[in-house]
Amino acid sequence: MQRIPTSKSTIVMTPTTVAQVEELLQKRLLWKLGAAGQAACRRIIRDAIDDLPNRFPHPSQVMAYRMQKGKLERTLERLGK
């Protein structure tokens, strides 16, 4: 008797970091989160955008600031504002 393979169920926890949100988007698992989980993802990205001036305070870091801000804004668009 041969065993029939079953698909693994994926348990998705609410992300707490930008990297976790990006990983969920990349793996297309965002739909498994409820409305509260998706709102948490948007909040994490918005908080990261708001924190950028503290991460890149020097004038010499303008290019890195713009690149990171663009990346986070694209992620926020993918999440759906």
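Quick note on this note's numbering: the sequence shown kicks off at 18 and runs consecutively.
No residue lacks a Cβ here, since even glycine has one placed at the ideal position from N, Cα and C.
This structure is a prediction, so every number in the text was calculated from the model and none was measured.
- Assigned with DSSP and collapsed to three states, P70 falls in helix.
- Pairwise C-beta distances place the stretch 76–86 out of contact with the stretch 45–57, as fewer than three of them are shorter than 8 Å.
- Annotation for F73: A81 and Y82 place their beta carbon closer than 6 Å to its own, counting only its chain and skipping 5 residues before and after.
- Q85: member of the alpha helix (DSSP H) spanning V79 to L96, first to last residue.
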